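Remarks on the structure that follows.
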Amino acid sequence: MIEELMEKAYSCFSKTSTTESREGYNNSGKNFKNNNKIGSINVLPRLLNSFQLPYTHNNDITNKNNNKINDFTYSTPEILLPTSLPSDGDLDQAFENLLKEFDLSNEQNEHLRRQPKEKKWLMIVEQTIRQGQLSRQESCEYYIDLLSRYILLYPDGNDASEASQQIEELAICLRTGSTSYLENFISLGGLEKLTKLVELSLKKSSRYKTVLPILQCLRALMNSSVGREAVLYNNSKTLYYIAGAISFPNARCKLLALSLLSGVCLLSEEGHSGVLKAFTKAIKIFGERSRFQRLLDELNREQEEKKDTEKVRIAVMGLLNALLKSGISENSLQFRLQLRYEMLMLGLQEVIDKLKNSNNQTLEDHFELFEMMREEDELEFASSLSITSTNSSFDYESPNIIVDTILRKLDNSIALPYFISILQHLLMLPGDVKNIPIWKLFNLILQQLIFQVNSDEFNYSAYIDDAYKINVNQLMEKLKTQIEYDQLQRKFEEVQRDLLNEKEKVIELENRLADIQDGSSLDCFSRISETSSNPSDPCHSPTPTITSNASNSLSYINKNAPLPPPLPSAFGKVKLKHIKYKNVPKSDNSLKSINWSVIPQEKIPGTIWENLGDEKMYEQLDLPSISLNFSSQKHDDISSDNGTMNTLTRRLKNDNLISVIDSRRAQNCNIMLSKLKMTNKEIKNALLNMNEKNKIPKDMIEQMLKFVPTIDEVDHLNEVLQKYKTPTILAPADRFLYEVSTIIRYEQRLKCINIIRTFSEKAEELLKSMESVSKASNALSSNLRLKTLLALILSIGNYLNQGKHNGNAFGFHSRSLSSVTDVKYSYKNDKNLLHYIVEMVEEKYPNVVSLNKDLAVVYDASRVNEAEVRNEFKILESSLHFLIIELKIQKQLIEENKECNVGLPDIIEEIDENGISKSTIPSAKNFKEMDKFVNVVTSFLSTSKVTLRNLQRNYTKFQESLNNCLKYFGEDNKMITGESFFSNFSKFLNSFEECRNTLVAEKEENERIKRNTLIKKQFPKKIGKQNKNHFKKNQEKDFEKLLNAIQSGEIFHDELNRLRASFRESKRSRKIISIS
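Under this note's numbering, residues 772 to 1847 are what the sequence shown spells out, in order.
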């Protein structure tokens, strides 16, 4: 297109047209197309010279455009004027192509479009001349070949200087080249080759001389929109290796790499995420555990020259502030906080505090900007947490404060148990060096969870490295599936337990039915029925039934005997009604029965059971199969049913033991013995020494009192012993009752042990109750704050009741305190008179607010019942009286035994190592030595009498203080009990505290709203929010200016000034609030 316009331009001038001249132009045009400059050099200077005068007066336009358009002045003696120009359409199209080559901003493009046609034509011709003057050494193909050779054989040693010079020339070409030149360079793979050279340079730290011009080439590329788009949107690792260049010892390399990364951050969200990913991957290059560790090292490190140290530190802080100020960080508070916490965790704040008060103002501004942005974000986040602390700032580095805040946040929430579980698991995790990666993994997982929770604000996947990416959605789906599985598992276990219980019931019924079929006596059946119908515990035993092996053998002979006749009706003779019988097929053998409750026939009409048609169902049923599967007869093969086998084994085992006590009583006694976990000998020894070592627990002593053998039970047990001559034939419960029956006055002894064990505890509880009532009575009678409050209530009540029947009151009963909360506000149903009284107390009588603390003892007194105290005191007195009487009896028995020298025989059954039982009868002398009743009871009575006298004094004081208090408050002790009196005050104090808490919460909520409003006023919307494509779409080469602004700190000046003004206003307002 440009060549055609050149031909048209040549024909527009009034030079004599000769054949030779036209042929010369045609030749020059052909040579121009073939990149031969000779023809154009001879002709075009004369052409451009004709525009000298009008063009040289507007050189300022070209200076504004980074000197893209130079002063086109050519010295020639001949001035040629054009007689005509190309058509407007061709000229405009050619000029638009020229603007694309310039890569300017929209404003600059519009300014050039408004220029005259002659000037547009001049610029087109000049640009064409420039492109034609490119030598082979300046072409893209030449530099691509050069870079390819360096990749194959990296220049080291003496070749490094020459290579650096050639790459610097490439950087100049890329900085001054047109857009088409850059597109051609990128399309030929120039960016990938530059990136590969940086990668090779990182293998040796001495290659920084070569990598510096390579970074300059990348900077020149990124100075255009084409180059920036190639760096951001291709799959190369350019940013990754630029970040790795920070590790070079040369300060210029560090500065250039840091500046490029800072500029990319401020370009767009894509650049911001790309830089973060680059630092995440560059951990491998740096050999660090955290992605920002190298930046903090460079911030803290001293360079070879002091000037370079300051520049590097400024560049590092500029990059950190850019990461927190641009991209998604600009709009997402959560992301900004997490990114800053990651930096602070590495010790950034300590480094800043160390480097403060330097002589470099730019570095100080970066520090101040970082700290003020942090304070602003923390204030905003604290307001979202409803933190009411206005005087002291929230410490985000204190574990205690953070945990307390989370606990308050999750209070009364379902999530609280999970948070506690997380803390419990973290408590189990070791903190040694070996487990540091686990803590890091936990931190990464939490970051991703927070990112995905806030996924509505931004695309979290762009900020997470693929190596650590976790799909939480899939995990949540699996977790839901696991929860559903757990629920089904629990339901299955419940059904399985129910099935097992039903199975046990069926086995028990089968056993009972088998006993009947085996010819057991009706006495056994009646005993079972009585036991099932009367489950009270304990109960007296019926006539003993001794089951021997003989009866067991007879059961096999009579197993086919007919069933006994049914029992007679308990109601005597009853007139029989007409009974209908259903047509039910009969089975050849006996079947199991269903234990259902039958509805009487006279109630069937009008129900669902009438005309149900169940008799027709038999035609469709497989009756033989039912008979086979549900037969009640026993089968030889019982190994398939573990429950039945266990039951039969238990029956065979118990057939050798004899039980003469009630079966239900024996079962409960066995349960008690299983909890006691002591042998009969150990139990008996403990009882004889009066449980001196507390081997028998207090609750078990109370249980043993329920199983004191009766006279009938002792007689039956003695009959069995006389017959079998050994107690081993007795069942465990029978054996226990027999052993304890051999102790003289066993029941009285057990009661004495229970009294000794529980006396001190009951005395302490009784003394505590009486003291609480005495203290509460004195507190109510002497408290001045309560007196002030009651006076306030009485005055307000008389004011409200003025002119009414209950007005003009001089006092009111304590039960009337509850009526204060019944008086509601006229315009607020959620508030009552007590709210108003609390507000007045806080305003007029602030010392009354602590009334609840002064009268805390009233809550304990409200739970004390006078009648119970009186009864407990009488029980303690009667207990000691019982001990005194029993002690006299035991002493008399000892004296009688001394005279008669007769001891009660005590058969003790012992089992030796071979399993052979031995019966021994201890002598009376040994029996007396084991019995410590007299010594223990005598010692106990000496101390308990003193305790009882002390209780007597306190009981008298308790009654006097309570009566005086009731009289003081105008109450009649015959009309109201102390429990009711103190309950009235405790309920009132609770209501008083609840109203106060409600008012405090309301006040805090109002303060929070006020504080949030103040924060919004103090911190207005951040100005200068840049469009994410601002720098990307800016057609002027602003990237160069952006890097300079980052290095000088100018890019953050507006934000810094805003924060300074806001914090000055905030401090001033806080000072005013504190003074007020």
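Yeah, the Cβ is synthetic: ideal placement off N, Cα and C, and Gly gets one too. Keep in mind it's a predicted model, so treat the numbers as computed, not measured.
Alpha carbon to alpha carbon, what distance is there between residue j and residue i?
i       : j       : result
GLU1869 : TYR1112 : The structure shown does not extend to residue 1869, since the chain is modelled only from 772 through 1847, so no value can be given for it.
GLY1089 : VAL1620 : 55 Å
ASP1257 : TRP1210 : 29 Å
HIS882  : SER1030 : 31 Å
ARG1831 : MET1114 : 23 Å
GLN1105 : LEU1563 : 51 Å
ASN955  : CYS911  : 7 Å
ASN1214 : LEU1067 : 20 Å
ILE1780 : ASP1166 : 22 Å
TYR1053 : TYR1011 : Residue 1053 is actually Ala in this sequence, not Tyr. So the alpha carbons of these two residues sit roughly 6 Å apart.
ALA1534 : MET1449 : 30 Å
ILE943  : VAL896  : 23 Å
LYS1645 : GLY1741 : 30 Å
TYR1004 : GLY1045 : 9 Å
ILE1085 : VAL1035 : 17 Å
ASP1483 : ASN1439 : 19 Å
ASN1489 : GLU1463 : 30 Å
PHE1583 : LYS1728 : 27 Å
When burial is assigned at 16 or more other CB atoms within 10 Å of the CB, is residue i buried or exposed?
i       : result
ASN1382 : exposed
PHE1263 : exposed
GLY1578 : exposed
VAL1629 : buried
THR1499 : exposed
ILE1660 : exposed
PHE1704 : buried
ASN1828 : exposed
GLN987  : buried
TYR1739 : exposed
HIS1043 : buried
GLU933  : exposed
ARG885  : exposed
SER1566 : exposed
SER1540 : buried
SER1163 : In this prediction, SER1163 scores a pLDDT of 45, lower than 50, which makes its location untrustworthy; the coordinate-derived value is nonetheless stated afterwards. Its Cβ having fewer than 16 others within 10 Å, SER1163 is exposed.
Could you give the C-beta distance for residue i and residue j, rounded to a whole number, given that I count them as a contact under 8 Å?
i       : j       : result
LYS1848 : LEU918  : The question about residue 1848 has no answer here: the residues shown for the chain are numbered 772 through 1847.
THR981  : SER935  : 6 Å
LEU1651 : LEU1722 : That belief does not hold up - the Cβ atoms of LEU1651 and LEU1722 are roughly 11 Å apart, past 8 Å.
LYS1125 : VAL1083 : Not confirmed; about 16 Å, so no contact.
GLN1736 : LEU1551 : Residue 1736 is actually Cys in this sequence, not Gln. Correct: roughly 6 Å between the Cβ atoms.
ILE1515 : LEU1458 : Wrong, their Cβ atoms sit about 11 Å apart, outside the cutoff.
PHE1756 : SER1531 : Actually they are not in contact, since the Cβ atoms of PHE1756 and SER1531 sit about 32 Å apart, beyond 8 Å.
LEU1622 : LEU1560 : 6 Å
SER1732 : VAL1544 : 7 Å
ALA1547 : ALA1632 : 4 Å
Considering only residues of the same chain and omitting the five flanking positions on each side of residue i, which have a CB-CB separation below 7 Å?
i       : result
LEU1108 : ASP1148 and PHE1152
ASN1417 : Bear in mind that the predicted position of ASN1417 carries a pLDDT of just 44, short of 50, making it unreliable; the figure below should be weighed with that in mind. So no residue of the chain qualifies.
ASN1768 : none
ASN1744 : ASN1734 and LEU1737
LYS1662 : VAL1705
VAL1087 : LEU1029, LEU1066, GLU1069 and LEU1070
If I measure Cβ to Cβ from residue i and keep anything under 6 Å in the same chain, skipping five residues before and after, which residues do I get?
i       : result
THR1592 : ASN1603, LEU1605 and SER1762
ALA1028 : ILE1013, ALA1016 and ILE1017
LEU1658 : VAL1708
VAL1522 : The question names Val, yet the displayed sequence has Lys at residue 1522. Within the same chain, LYS1522 has no close Cβ partners at all.
ASN1131 : GLU1081
GLU1750 : ASN1636
When you compare the CB of residue i with every CB in chain D, is at least one pair closer than 8 Å?
i       : result
GLU1750 : No chain D appears in the structure shown, which is made up of a single protein chain.
Looking only at its chain, what residues have a beta carbon closer than 8 Å to the beta carbon of residue i, apart from the 5 residues adjacent to it on each side?
i       : result
SER1179 : Note on residue identity: the sequence assigns Arg, not Ser, to residue 1179. Nothing listed; no residue qualifies.
ILE957  : LEU992, VAL997, GLY998 and ALA1001
Among all the DSSP beta bridges, which residues are the ones paired with residue i?
i       : result
LYS1501 : Here the sequence assigns Leu to residue 1501, which means Lys is not the residue at that position. DSSP output for LEU1501 lists ILE1429 as bridge partner(s).
LYS1595 : ASN1603
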